[in-house]
Amino acid sequence: MPTRPTTNKTLIVVVSRFIKLFANITKLLSYVFHAIVPNKRFTLPERSAPWLAPKNDSVVPRIIWQTNFTNKVTLPVYLNYLFNRLMAPRFEYRFMITEARKAFIAEHYNKDINQQYSRLQIGAAQADFWRLLVLQKHGGVYLDIDAHAIWPLGSVIPN
14 MPTRPTTNKT LIVVVSRFIK LFANITKLLS YVFHAIVPNK RFTLPERSAP WLAPKNDSVV
74 PRIIWQTNFT NKVTLPVYLN YLFNRLMAPR FEYRFMITEA RKAFIAEHYN KDINQQYSRL
134 QIGAAQADFW RLLVLQKHGG VYLDIDAHAI WPLGSVIPN
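All you need for this note's numbering is the position in the sequence shown, starting with 1, plus 13.
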């Protein structure tokens, strides 16, 4: 009578579909917002403490990492940031722009790694390389700048 796992899977699917629908509606409304105020941008913080104290230690550090070429973002991206914070209130948030990624690698890695990073010309490739290094050094969870969680991260990451 394994009804509980099926019930949990059904709940996860229903909730995640609702979140996706809600996200798409807010994205559509954001187009209207930016049609009215086209130059309005929101600032992502470089670092933000957890909203709630962590309950216990975790195998994976409770840090959300994101990067972008700038910290000035449109409404949909800022809403993703806020929603991710809501879905992970016990996680610290850290954000790095392009220059900060380069400084991080120069500070924490040897000259060879720094040179390899400097050879990359495409921003997405630089971000991918940095992501591996920052997760190796500090751990945590990486989310693309336009990504949002569909289930609370605290229930997905093992303790």
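For every residue, glycine included, the Cβ atom is placed at its ideal position computed from N, Cα and C.
How many angstroms separate the CA atom of residue i from the CA atom of residue j?
{"i": "Trp78", "j": "Leu148", "result": "8 Å"}
{"i": "Asp159", "j": "Asp125", "result": "31 Å"}
{"i": "Gly167", "j": "Phe82", "result": "28 Å"}
{"i": "Asn69", "j": "Tyr155", "result": "21 Å"}
{"i": "Thr20", "j": "Ile170", "result": "20 Å"}
{"i": "Pro74", "j": "Asn37", "result": "30 Å"}
{"i": "Thr80", "j": "Thr111", "result": "7 Å"}
{"i": "Gln134", "j": "Phe142", "result": "12 Å"}
{"i": "Leu41", "j": "Asn123", "result": "45 Å"}
{"i": "Val27", "j": "Phe35", "result": "12 Å"}
Would you mind stating whether residue i and residue j have Cβ atoms separated by less than 8 Å?
{"i": "Leu99", "j": "Ser43", "result": "no"}
{"i": "Gln96", "j": "His47", "result": "The displayed chain sequence assigns Phe, not Gln, to residue 96. No, they are not a contact pair."}
{"i": "Gly152", "j": "Ile76", "result": "yes"}
{"i": "Glu105", "j": "Ser61", "result": "yes"}
{"i": "Arg103", "j": "Leu65", "result": "yes"}
Just confirm the distance between the C-beta atoms of residue i and residue j, as a whole number of angstroms; I'd bet it's less than 8 Å.
{"i": "Thr56", "j": "Lys85", "result": "6 Å"}
{"i": "Pro165", "j": "Ala113", "result": "In fact, because the Cβ distance is near 28 Å, the residues do not count as touching under 8 Å."}
Sequence ranges, beta strand (DSSP E) only - wholly within the region 20-86, length at least 3: Runs of the beta strand (DSSP E) inside the region 20-86: 76-80.
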